[in-house]
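Positions in the sequence shown are counted from 1; adding 16 to them yields the numbering used here. Notes for the one structure printed next.
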Amino acid sequence: MRNLFSPLLSDDLAQRMLTSELTYETATGLALLVMASFAIFIFGEIRASRRVSSPSSVQTFARELADAPRYHQWVASVIAPFLGQEVLEIGSGLGSVAREIPPRRRYVLSDVDPRCVTAVQSLVDSRPYLTARVLDITHAVDDQAEPYDTIICLNVLEHIHDDIAALGHMFQMLRPGGRVVVLVPQHPRLYGSFDAASEHQRRYTRATLAAGLARAGFTGGQYRDFNRAAVPGWWLNSCVLQRQHFGRWQVRVVNQCAGLLRRLDGILPWPGLSLLAVAYRPTTPEQGCGTG
């Protein structure tokens, strides 16, 4: 049994799970979770910024994302308390999270793929505070716009070879005192076929993400585990069964289960499938500097 848990948990946590007495409610929840994980494909990283290879695939994935509004509402509710009024979203894809964020003074959707920017035009046209632009955060941005007070970067950093440089470019686009809100896949032991197929360069730990943010000049990090319930399903499908892709029905299952996943997030004893971090650009140059 301990070998079963070891890919997901530290040895200490696995041992405590195996030897501790669980409440009836927790035991029932864990049993249902394990059965669901083995019966269906549960995954925790529906990427709002999934890359597309053709215009038709843009339209197909847009329909898939439309089937998961509850999941995106969950993501939006988690990050909303950290958002200011001048927001830039990196890798916004088809705007799945932006749709769920309350109006801001300025909210800029950006993506490296021009087709994604084109695809969100109807959303932009319906919300006056939204604009969309092509932006490649792997290169320094010569931006004439006013600095932002918040930059959102959800499931993007893991795709970038030089993630420290990308964080440094975000640092330069923030005003002093501004913050970056980052969501990344967590736990290197869970790197599997899904990560490889998605061209993930890495999965993070809290220590490696904190170190990267600090190297880019950010300070005062806050961290939160996200989507604990998806860990068993991810491990089974990606690390054990070595599956390569998911279908639309699986997106719908995750959407239907979003409320349950959200409730379990606060009680399950293992780290989340993803890690949320909020870090700040210092208010004075002496407190830190970006990599530029």
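Glycine included, each C-beta is placed from N, C-alpha and C at the ideal position.
Contact under 8 Å by Cβ, residue i with residue j
{"i": "Ile153", "j": "Val197", "result": "no"}
{"i": "Glu174", "j": "Arg218", "result": "yes"}
{"i": "Asn243", "j": "Ala84", "result": "no"}
{"i": "Ser126", "j": "Glu105", "result": "yes"}
{"i": "Arg110", "j": "Cys132", "result": "In the sequence as displayed, the identity of residue 110 is Leu instead of Arg. Result yes, Cβ atoms of Leu110 and Cys132 sit closer than 8 Å."}
{"i": "Ala223", "j": "Leu289", "result": "no"}
{"i": "Leu228", "j": "Ile283", "result": "The sequence shown places Gly at residue 228, not Leu. Taking 8 Å as the Cβ cut-off, Gly228 and Ile283 do not qualify as a contacting pair."}
{"i": "Val113", "j": "Val91", "result": "yes"}
{"i": "Gly107", "j": "Leu190", "result": "no"}
{"i": "Glu116", "j": "His155", "result": "no"}
{"i": "Thr221", "j": "Pro201", "result": "no"}
{"i": "Gln260", "j": "Ala213", "result": "yes"}
{"i": "Ala274", "j": "Arg86", "result": "yes"}
{"i": "Leu5", "j": "Asp241", "result": "An answer regarding residue 5 cannot be provided, because it is not within the stretch 17 to 308 covered by the chain."}
{"i": "Asp165", "j": "Glu215", "result": "no"}
{"i": "Val150", "j": "Val128", "result": "yes"}
{"i": "Thr299", "j": "Pro130", "result": "no"}
The alpha helix (DSSP H) enclosing residue i, as first and last residue numbers
{"i": "Pro204", "result": "Pro204 -> no alpha helix (DSSP H), and no H or E assigned at all."}
{"i": "Thr134", "result": "130–135"}
{"i": "Leu277", "result": "274–280"}
{"i": "Leu183", "result": "179–189"}
{"i": "Ile95", "result": "85–95"}
{"i": "Gly109", "result": "That residue, Gly109, is in no alpha helix (DSSP H); it is neither H nor E in DSSP."}
{"i": "Pro285", "result": "Segment: none, Pro285 is in no alpha helix (DSSP H) and carries neither H nor E."}
{"i": "Gly249", "result": "247–250"}
Paired residues, beta bridge with residue i - DSSP
{"i": "Ala223", "result": "Beta-bridge pairing links Ala223 to no other residue."}
{"i": "Phe242", "result": "Ser290"}
{"i": "Ala156", "result": "DSSP, once it has assigned bridges, lists no residue as partnering Ala156."}
{"i": "Ala295", "result": "Val196"}
{"i": "Thr235", "result": "Tyr296"}
Range covered by the beta strand (DSSP E) that runs through residue i
{"i": "Ser126", "result": "122–127"}
{"i": "Leu170", "result": "164–170"}
{"i": "Val150", "result": "146–150"}
{"i": "Val103", "result": "102–106"}
Under 8 Å, with one C-beta from each stretch per pair, do the region 95–105 and the region 186–206 reach the 3-pair mark? yes
Between the region 177–187 and the region 140–150, do at least 3 Cβ pairs fall closer than 8 Å? no
Would the region 288–302 count as touching the region 221–241 if we require 3 or more Cβ pairs under 8 Å? yes
Could you tell me whether the region 206–226 touches the region 243–254, using the rule of 3 or more Cβ pairs below 8 Å? yes
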